[in-house]
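Here the protein sequences come in this chain order: U and V. With the first letter of the first sequence counted as 1, position 123 gets the number 126 in the working numbering; the numbers rise by one all the way through. With the first letter of the second sequence counted as 1, position 76 gets the number 78 in the working numbering; the numbers rise by one all the way through. Ideal placement from N, C-alpha and C gives every residue a C-beta, glycine not left out.
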Amino acid sequence: MEQAPSDVQSPSTHRVSYPRFLMRAISAATDGSFLFYAWMTGLTAVFLVGVNAWAHQASSGMINTHMTDHVSWGLYIANFTFMVGVAAGGVMMVIPAYLYKDRKMQDVVIIGELLAIAAIVSCLLFVIADLGRPDRFWHMFPGIGRFNFPMSMLTWDVLVLNGYLIINLHVVGYLLYMRFLGRKPNPRWYKPFILLSIVWAVSIHTVTAFLYQGLGGRPFWNSALLAPRFLASAFVSGPAFIILTMIVLRRFGGSRMSDQPMNTLVKIVRVTILINLLMVISELFTEFYAGGAHTSSARYLFFGHGEANALVPWIWSAIVFNIVAAVLFMKPDLVKHTKLLVTACTLAFAGAWIEKGMGLIVPGFIPSTLHEYVEYLPSHLEWRVAAGVVAFGLLVYSASLKVAIPIFRGDMRFEQAPPKETAEK
Amino acid sequence: MTEKSSGLTRRRMVKGLGATLGAAAFGAALSPLFRSSGMNAAELMQRHYKELTPADKQAVIERLQAEAKEAFGVSISIQDPRPTPQTKFVYAINLSVCNGSGKCVEACHKENNHDRETKQSYIRVLEMPKGTMDMEQGNTTYNHTVPSPDKFYMPVQCQQCDEPPCVDVCPVQATWKEKDGIVVVDYNWCIGCRYCMAACPYHARRFNWKKPYLPAEEINPNQGYLSNRVRPQGVVEKCHFCLHRTREGRLPACLEACPTGARVFGNILDPKSNIRWVLENKRVYVLKEELGTKPSFFYFFDK
Chain U
4 MEQAPSDVQS PSTHRVSYPR FLMRAISAAT DGSFLFYAWM TGLTAVFLVG
54 VNAWAHQASS GMINTHMTDH VSWGLYIANF TFMVGVAAGG VMMVIPAYLY
104 KDRKMQDVVI IGELLAIAAI VSCLLFVIAD LGRPDRFWHM FPGIGRFNFP
154 MSMLTWDVLV LNGYLIINLH VVGYLLYMRF LGRKPNPRWY KPFILLSIVW
204 AVSIHTVTAF LYQGLGGRPF WNSALLAPRF LASAFVSGPA FIILTMIVLR
254 RFGGSRMSDQ PMNTLVKIVR VTILINLLMV ISELFTEFYA GGAHTSSARY
304 LFFGHGEANA LVPWIWSAIV FNIVAAVLFM KPDLVKHTKL LVTACTLAFA
354 GAWIEKGMGL IVPGFIPSTL HEYVEYLPSH LEWRVAAGVV AFGLLVYSAS
404 LKVAIPIFRG DMRFEQAPPK ETAEK
Chain V
3 MTEKSSGLTR RRMVKGLGAT LGAAAFGAAL SPLFRSSGMN AAELMQRHYK
53 ELTPADKQAV IERLQAEAKE AFGVSISIQD PRPTPQTKFV YAINLSVCNG
103 SGKCVEACHK ENNHDRETKQ SYIRVLEMPK GTMDMEQGNT TYNHTVPSPD
153 KFYMPVQCQQ CDEPPCVDVC PVQATWKEKD GIVVVDYNWC IGCRYCMAAC
203 PYHARRFNWK KPYLPAEEIN PNQGYLSNRV RPQGVVEKCH FCLHRTREGR
253 LPACLEACPT GARVFGNILD PKSNIRWVLE NKRVYVLKEE LGTKPSFFYF
303 FDK
C-alpha cells in the first residue's frame, strides 16, 4: 500500500485517522474537571431514574400515568412537541452562518447543530416513552412493518425527524473530522447538506404541527395558524437555549467566543418572540370575540371551567414569561448584561415550554369530543420518565460539546506518529 | 514520564469502573421489564392480520385460546367471522324512546369482556336538556332515576364512519374499515400511540391502560378475533358492532339489552330491513355532520 504525502491524505489513511478520531472523541467526552464529572454523573443518575420509571410503565401498563381515555396524550407528547421546536430552532445559527456567510457565526454554528441532534434524540425517546407497546416499535419501520405513508402524518414525522437527525449527524461529523485532520472542509460535502438542513428544519416543525392541526374533531388544534406559531416559538426557544449554552461555556468551559454571534441570536429572538406573541393574540382574538362551542378549550385553558382549572396557572405564567422576556429582549445592549440576558432567555424558554407543551396538547382534549371536562396533570411516574429523557438529551449535548469545542479551537488535532501526550490537557 | 503514564492508567481504570457501574445500574433500572410475563417470541414476531395465512391465523387463535385457558382456567373459543357480501351494517337510535337506563352500557361491558375495575364500555350516554342539541349541555355522569322529565338521552358509541379519521392517522395500519362497514383494530399489531384517540370526534376509542381484570366466571367465552376477545395491555380498542354476533346473523348485545326498543340495527343494502325503513321514513340525522366523517350511525326523534 502506498504512503500518501502527509499533507494530502489518501482515502486509505482514513482507516487510521478515523478510528483515532473516534477514540480521541470518546476520551475527550469522558475527561474533564470535577464540575464536569459532577454534572455528567448527576445527569446519568436522573437518566437512570427515568429508565427505571419507564421500565415500570412498560411492564405494568400506563395506568400509573395520569392519562385517561379523555386526555390520552400528556406530558410525553407535550415535551416531544416542544423538543421538535428546540431542534428546529438550532438552525437559526446555520442561516446567518452559511446563507449570509457570517464568519464569526461559522465558528459557533456547531453548537446549534449539536443542540438539534440532542433535541431530536430526546424527541424520539419521548415518542417511545408514550407508546403502549414499545415492543412493537418495529411495526413503524418502512419495509418490515406496515408504514401508513402518506396518509398518516405520524409516518411523515418519523421520516422528517430521522432525516433531520441524519443530516445533522453528517454535517457535524464531517466538519469535526476535517478540523481534527487539520484540513479545509470540502464545500461539496457539507454545503448542500447545510442548505438542505435549513429547509428540513422548517419541515420537521411544520409536519409536527400538521399532526394536530389536521384533526377536524379537535377545534383547539384545527387552526391554520398552528404551524406558523410552532415555527415562531421554535425560533425563540432554540436560539434562547443556545445563548444560555454560550454563557455557560464562557463561564465554565474557558470559551473564547466573541460577543458577535450572541448578538446575532439576540436580534433573532427579539423579532421572533414578538411574531409569536402577535400570533397568540390573533388566535385568542378569534377564539374569544366570536365565542361559541369551538372556543371551550381556550376558555378552559385561560379561565377554567367551574372547579376544573388545572391549567390556568400554567398558561398565565407562560403569558407573563413571554411578555417580560419580549420586553427584556428589546433592550438594545442586552448582550452586555449577562444576568438580564440569562433571565430573558430562561423566561422565553420556559414560556415556550408551557405554551407549546402542556398548554397546547392538554387543552386539545379538554373538553373531550363529547364535551366532558376531565382534567389532567402529570403523575410522578410521568415526571420521572420525562426528566430521564431530558437528562439523556443533556448528556448527549454536553458530551458532544465537550468533543466539538476543543476540535474547533484547534486544541485537538490528528498528529502523525509520534503522538504528543501534551495535547491531552 | 512514569508518573504521568501511571496517572493515565489510573484515569483509564476509573473510567472503566465508571462505565461498568453505569452499565450495571442501567441493567438494574430496566429490570422491571423482565418481570412482566406473557411476552413470547411468537407474539413478538406476529405479522399484521391481513398478512396472516389461514394456517398462521389458526396457530395464533390456538395460542390465544391456550393462553386464556392458562390465565383464567376457562375454555374460550375465538372465531374470526368475515364480512358477508352485500352487507353494510348501519345503526340508528330513536331518541324519543331512549330512557337513559344505561342497560346498553352494561350489556356492552359484559359482552365485550371489558375490564371490570374501570367499568369500561364502548357506549356513553349523554343526558341532555330538552330544547338543545348542544353537546356542551350534556352530562354523562348523571346518577338519578331515569328518565328525568325535562331531559332526553343520547347514547354515543363508534359511529363506524365511512371516512374514518382514526384509520387515516394510524401510522401502522393497525385499524381499518372492513367491507361491511365495521372499523376494526388488530390488537396484536397496534403499537399504542393513541393518535386514533386524538383523531376520533366521537370519543369512541378506548385504551388498555393496564391488563384488563376479569374474574374467570364472568368471561364471555364466545369471542371474535377482531372483536371481544380479552385485549392485551397497551393497545386501543373500540366498538365493533359485535361483529362476532352480527356477522353470524345475531343482533348487537346493546340492542338486545335495550328495554325500550330504541335501537335499530341492520343491513342497509337489504330493502326489506327495519333499518332501511327507519332511514327512509324518519327524519334522521348524524352527529357532527360538518366534520365530513360520514357516520353509519343515525339518530332520530319519533314525535
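Residue range Arg126 to Pro131 is occupied by the beta strand (DSSP E) that includes Leu128 (chain V). Cβ contact annotation for Val158 (chain V) (same chain, cutoff 8 Å, sequence separation greater than five): Ile125, Arg126, Val127, Leu128, Tyr204, His205, Ala206 and Leu289, in chain order. Spatial neighbours of Gln235 (chain V) in its own chain (CB-CB distance under 7 Å, excluding positions within 5 residues in sequence) are listed in chain order as Asn210, Lys212 and Lys213. Using a C-beta cut-off of 8 Å, the stretch 264-281 of chain V makes no contact with the stretch 131-146 of chain V, since fewer than three inter-stretch Cβ pairs fall below that distance. In this structure, U:Ile408 is the residue among U:Met415, U:Ile408 and U:Ile276 with its C-alpha nearest to the C-alpha of Asp110 (chain U).
When DSSP states are grouped into helix, strand and coil, Lys71 (chain V) belongs to the helix group. Taken atom to atom, the span from the alpha-carbon of Ala94 (chain V) to that of Thr248 (chain V) is near 15 Å. Fully contained in the stretch 200-225 of chain V is no alpha helix (DSSP H) run of length 4 or more. Within the same chain, and ignoring the five residues on either side of Pro137 (chain U) in sequence, the residues whose Cβ sits closer than 8 Å to its Cβ are Ala61 and Ile131.
Within the stretch 202-213 of chain U, no residue has a Cβ lying closer than 9 Å to any Cβ of chain V. Its chain contains Met260 as the residues whose beta carbon lies nearer than 8 Å to that of Arg253 (chain U), once the 5 sequence neighbours on both sides are disregarded; these appear in chain order. Contact between the stretch 88-99 of chain U and the stretch 215-225 of chain U is absent: fewer than three C-beta pairs spanning the two stretches fall below 8 Å. Interface residue (Cβ-Cβ distance to chain U less than 8 Å): Glu72 (chain V) is not classified as such.
The contact set of Lys212 (chain V) on chain U, defined by CB atoms closer than 8 Å, consists of Ser63, Gly64, Met65 and Ile66 in chain order. For Val330 (chain U), the nearest beta carbon of chain V is not closer than 8 Å to its own beta carbon. Nearest neighbour of Ser240 (chain U) by Cα position, chosen from U:Ala353, U:Phe291, U:Ser382 and U:Ile29, turns out to be U:Ala353. Using beta-carbon distances, Ser299 (chain U) counts as an interface residue toward chain V, with a partner under 8 Å. No Cβ-Cβ contact shorter than 8 Å links Ala329 (chain U) with Leu287 (chain U). Listed in chain order, the non-local C-beta contacts of Val202 (chain U) below 8 Å within the same chain number zero, local neighbours out to five positions each way being set aside.
If you check the CB distance, Phe299 (chain V) and Gln161 (chain V) come in under 8 Å. Residue nearest to Leu214 (chain U) within the set U:Gly176, U:Met156, U:Ala32 and U:Glu385 is U:Met156 (criterion: CA-CA distance). Taken in chain order, the members of the stretch 368-385 of chain U whose beta-carbon sits within less than 9 Å of a beta-carbon on chain V are Phe368, Pro370, Ser371, Thr372, Leu373, His374 and Glu375. Under the rule that a run must span 3 or more residues, the beta strand (DSSP E) segments found entirely inside the stretch 243-283 of chain V read 265-269.
Of all residues in the stretch 7-30 of chain V, the ones placed with a Cβ closer than 7 Å to any Cβ belonging to chain U are Lys17, Gly24, Ala27 and Phe28, in chain order. Taking 8 Å as the threshold, the shortest C-beta distance from Ala44 (chain V) to chain U does not fall below it. In the three-state scheme derived from DSSP, where H, G and I count as helix and E and B as strand, His308 (chain U) is classed as strand.
In the DSSP assignment, Ile95 (chain V) falls within the unbroken beta strand (DSSP E) covering Phe91 to Asn96. Taken in chain order, the members of the stretch 38-63 of chain U whose beta-carbon sits within less than 8 Å of a beta-carbon on chain V are Thr47, Leu51, Val52, Val54, Asn55, Ala58, His59, Ala61, Ser62 and Ser63. Cβ-Cβ distances below 6 Å link Phe417 (chain U) to Ser20, Phe183 and Leu184 in the same chain, with the five nearest sequence neighbours on each side left out; the list follows chain order.
Rounded to whole angstroms, Leu344 (chain U) and Ser123 (chain V) show a C-alpha spacing of 54 Å. The C-beta of Val288 (chain V) comes no closer than 8 Å to any C-beta of chain U.
With a beta-carbon spacing of about 18 Å, Cys241 (chain V) and Tyr155 (chain V) fall beyond the 8 Å limit used to define contacts. If you draw a straight line from the Cα of Leu268 (chain U) to the Cα of Met26 (chain U), it comes to about 33 Å. The CB of Phe140 (chain U) comes closer than 9 Å to the CB of Ile193 in chain V, given here in chain order. Residue-level contact by beta carbon holds for Leu128 (chain V) and chain U, with a gap shorter than 8 Å.
At least one beta carbon of chain U lies nearer than 8 Å to the beta carbon of Cys172 (chain V).
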